[in-house]
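Engineer: Numbering (the working numbering), first residue to last: 3 to 204.
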Amino acid sequence: MKKLVFGLIATVLFGSLSYGQEFKSLYENYKKSTEVFYSGLNDFDNNLNVDVDDLSVFKSEESFKIWLKENISKTKFKDEEEAIKKYNEQIGLMLEILKNNLDFLKQVKENNKEFLNLLQESPLYGTPLSSIIKPNNTVAFGCINDCINNAVSCGSDADATYAETLAGGFGGAVAMWFGSRAHKRALALCASTLTSCADGCQ
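(1) Determine the extent of the alpha helix (DSSP H) in which residue 127 is found, giving its start and end residues.
(2) Grouping DSSP H, G and I as helix and E and B as strand, with all else coil, what is residue 62?
(3) When the Cα atoms are used, what is the spatial distance from residue 146 to residue 136?
(4) Does DSSP classify residue 38 as helix, strand or coil?
(5) Report the rounded CA-to-CA distance for residue 102 versus residue 29, giving the unit in angstroms.
(6) Tell me, please, whether the segment 154 to 166 touches the segment 83 to 95 by the rule of three or more beta-carbon pairs shorter than 8 Å.
(7) List the endpoints of the continuous alpha helix (DSSP H) containing residue 148.
(8) Let's test the definition: count the other Cβ atoms within 10 Å of the Cβ of residue 105 and tell me whether it reaches 16, buried, or not, exposed.
(9) Helix, strand or coil for residue 82, going by three-state DSSP, please let me know.
(10) If you draw a straight line from the alpha carbon of residue 181 to that of residue 160, how long is it in whole angstroms?
(11) Which of the three DSSP states is assigned to residue 2 in this structure?
(12) Taking the beta carbon of residue 52 as the centre, do at least 16 other beta carbons fall within 10 Å, making it buried, or is it exposed?
(13) Alpha helix (DSSP H) containing residue 192: first to last residue?
(14) Looking only at its chain, what residues have a beta carbon closer than 6 Å to the beta carbon of residue 191, apart from the 5 residues adjacent to it on each side?
(15) Within the chosen definition, does the segment 58 to 78 reach the segment 32 to 42 through at least 3 CB pairs nearer than 8 Å?
(16) Could you give the DSSP three-state label for residue 68: helix, strand or coil?
(17) Output needed for residue 12: all residues of its chain with C-beta closer than 6 Å, excluding positions within five of it in sequence on either side, in chain order.
(18) Assuming residue 176 and residue 93 form a contact by the criterion Cβ under 8 Å, report the distance between their Cβ atoms to the nearest whole angstrom.
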């Protein structure tokens, strides 16, 4: 009887560990598949040449294209046609990401906590917010540590919103593009705020 009980416990335990490793492996595959996409997104944002995060602009493809038409002269794109072409290339990359990561997307919702942990430990791009700055003297330790904690909290909020986007990833490549861009820019703001906060510590 004891052997049976221990056997059942071992089965559940190792089965759970195996499942956790499987999800982590799916995440790493997803992360790798987004490298080209995020590189292109950086170029796209640089060519936009304006700091635009207005939700009225980035809530839908239609509103974004209207904004492009009205503000193309403020960007580095040659014309509206070039901007739309680059945008469509981005959507095409996102579509491929979705098609190649269906198993991962199906599991994001039920593995939400693990997914959020992975986003913090091994971000899709950049450096974990918790390791951007390290307190290096006892005088400023408390102040900088507070800055780091606030940045991590800021990042956690951005990650949680992104997790909701991924869990609903079957809404299509366009929704995923907007969600991924918003996540990337939110984390950049968290990092920038962290640096400014730490600079103010004496």
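Beta carbons are placed, not taken as given, at the ideal position from N, Cα and C, and that holds for glycine.
Structural biologist: The short version:
(1) Locating residue 127 in the sequence shown gives position 125, where the first residue counts as 1. Unbroken run through residue 127: none, as it is neither H nor E.
(2) Counting from 1 along the sequence shown, the entry for residue 62 is found at position 60. When secondary structure is reduced to three states using DSSP, residue 62 falls in the coil class, being assigned neither helix nor strand.
(3) Residue numbering aside, residue 146 sits at position 144 when the sequence shown is read from its first letter. Residue numbering aside, residue 136 sits at position 134 when the sequence shown is read from its first letter. Distance between the alpha carbons of residue 146 and residue 136: 8 Å.
(4) Position 36 of the sequence shown, counting from 1, holds the residue named residue 38. Of the three classes helix, strand and coil, the one that applies to residue 38 here is helix, per DSSP.
(5) As a working mapping, residue 102 is identified with position 100 in the sequence shown. As a working mapping, residue 29 is identified with position 27 in the sequence shown. Put simply, the backbone Cα of residue 102 is about 12 Å away from that of residue 29.
(6) no
(7) Working through the sequence shown from its first residue, we reach residue 148 at position 146. Here the alpha helix (DSSP H) through residue 148 covers 143 to 169.
(8) Stepping through the sequence shown from its first residue, residue 105 is reached at position 103. Counting the other CB atoms within 10 Å of its CB gives residue 105 a total below 16, which places it among the exposed residues.
(9) Taking the first residue of the sequence shown as position 1, residue 82 is located at position 80. Helix.
(10) Your numbering for residue 181 matches position 179 in the sequence shown. Your numbering for residue 160 matches position 158 in the sequence shown. Taking the straight line joining both Cα atoms gives about 10 Å.
(11) No information on residue 2 is available, as it lies outside the stretch 3 to 204 that the chain covers here.
(12) If you number the sequence shown from 1, residue 52 lands on position 50. Exposed, by the Cβ-count rule.
(13) The count along the sequence shown starts at 1 and reaches residue 192 at position 190. Its alpha helix (DSSP H) spans residues 175 to 201.
(14) As a first step, residue 191 is located in the sequence shown; it is residue number 189 there, counting from the start. Excluding positions up to five away in sequence, the list is empty.
(15) no
(16) Along the sequence shown, one-based indexing puts residue 68 at 66. Helix, per DSSP.
(17) As a first step, residue 12 is located in the sequence shown; it is residue number 10 there, counting from the start. Confidence at residue 12 is low in this model, with a pLDDT of 44, below 50, so the placement of that residue should be treated as unreliable; the coordinate-derived value is given next. Cβ neighbours of residue 12 beyond the five flanking positions: none.
(18) On the sequence shown, position 174 is the one that residue 176 refers to. On the sequence shown, position 91 is the one that residue 93 refers to. Between residue 93 and residue 176 the Cβ distance is about 6 Å, and since that is below 8 Å, they are a contact.
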